[in-house]
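So this note's numbering is basically just the index in the sequence shown, starting at one, shifted up by 2.
Virtual Cβ for every residue (Gly too), placed ideally from N, Cα, C.
Since the structure is predicted, the reported quantities are computational estimates derived from the model, not experimental observations.
Encoded as structure tokens, the structure appears first; notes follow it.
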Amino acid sequence: MSGVPPGMSDAEIVGMIVENDYMSAIEHISFTFDISEMSIAASREFLEHRISSHTGRSTRYNEEDGFGYFIPREIQNNAEALSEFKQAMEYSNKVYQRLKELGVKREGRRYVLPMAMHCRYLWTVNARSLVNFLGLRLCVRAAPELRELAKQLHAIAVEKYPEIFKEIDCRGQILGVCPENQVRDGFPCPYKKGKNRVPTKAEIKLKK
Ligand SMILES: Cc1cc2nc3c(=O)[nH]c(=O)nc-3n(C[C@H](O)[C@H](O)[C@H](O)COP(=O)(O)OP(=O)(O)OC[C@H]3O[C@@H](n4cnc5c(N)ncnc54)[C@H](O)[C@@H]3O)c2cc1C
């Protein structure tokens, strides 16, 4: 709309827009992701990303007995904790079915379903908002399930629009300054030391 030098390819135009941070233009690109397995816990965090459209599987209108569930890595790696976790899931499922036998409707029964339960989730997001999402959720401090999901969404986005997404990583890397300040120190952040080190906001302020 603003006129571009003649002979530029579409990919070059998108690249120029991103390079110069004219990001409103990429709001016209949107993605719809059909996420088949997301825990209820992660879906609550997902919903915090307001500049996008969310549709989750209804527990009022669907039967959930025999539900699948997310197992955090920390629990997967601890045999005793894993056994307790699985028992809790089985018990929840059992009570859900028992309440059905007792005549309780789905909208009442669903309150015994666990945060780990998988739900299907449709998410439509424009490219600008997706960049913001990835910047936040590729950070090592993001919840592990969301970070894993962010990596998968990032891979799809890079495949479709490499000009926009190939350089995208956590927001510290995007901005060249980490807003997490000292908090990142307790995490395996790839940017806290070495030649790729990203300074913290506090360090930049100290230099002034
Ligand atoms: C490591 C990590 C830790 C977190 N910890 C917590 C926590 O402890 N508690 C918690 O509640 N949340 C937490 N969050 C969630 C976080 O605070 C944001 O709610 C979430 O990441 C969504 O980001 P967003 O607002 O940028 O996204 P969106 O809602 O998609 O908004 C995108 C952008 O639009 C603009 N915008 C959107 N809505 C408004 C508005 N109403 N007014 C002005 N500008 C607006 C802002 O510029 C915003 O960045 C955490 C997130 C991360 C990654």
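Three or more C-beta pairs below 8 Å linking the stretch 30 to 40 and the stretch 100 to 109:
Judged by Cβ distances under 8 Å, the stretch 30 to 40 makes no contact with the stretch 100 to 109, as fewer than three pairs qualify.
Label Ser-131 either buried or exposed according to how many other C-beta atoms from any shown protein chain fall within 10 Å of its C-beta, with 16 as the threshold for buried.
Classification of Ser-131: buried, given that the 10 Å Cβ count is 16 or more.
At the level of alpha carbons, what is the spacing between Val-179 and Val-200?
If you take the alpha carbons of Val-179 and Val-200, they lie about 6 Å apart.
Around ligand 1, what residues have a beta-carbon under 7 Å from a heavy atom of it, in chain order?
For ligand 1, the selected residues are Glu-47, Glu-50, His-51, Arg-52, Ile-53, Ser-54, Ser-131, Asn-134, Phe-135, Leu-138, Arg-139, Cys-141, Arg-143 and Ala-144.
For Thr-202, count neighbouring Cβ atoms within 10 angstroms of its own Cβ and tell me buried if that reaches 16, exposed if not.
buried
By DSSP, does Val-133 sit in helix, in strand, or in coil?
helix
Is the stretch 185 to 197 touching the stretch 134 to 142, taking contact as three or more C-beta pairs under 8 Å?
yes
Can you list, in chain order, the stretches of the beta strand (DSSP E) that have 3 or more residues and sit fully within the stretch 67 to 131?
120 to 128
Could you check if Phe-48 belongs to the surroundings of ligand 3, using beta carbon to heavy atom distance under 7 Å?
With respect to small molecules bound, the structure shown includes ligand 1 and not ligand 3.
If you scan the stretch 150 to 198 from start to end, which runs of the alpha helix (DSSP H) of 4 or more residues do you find wholly inside it?
164 to 167 and 173 to 177
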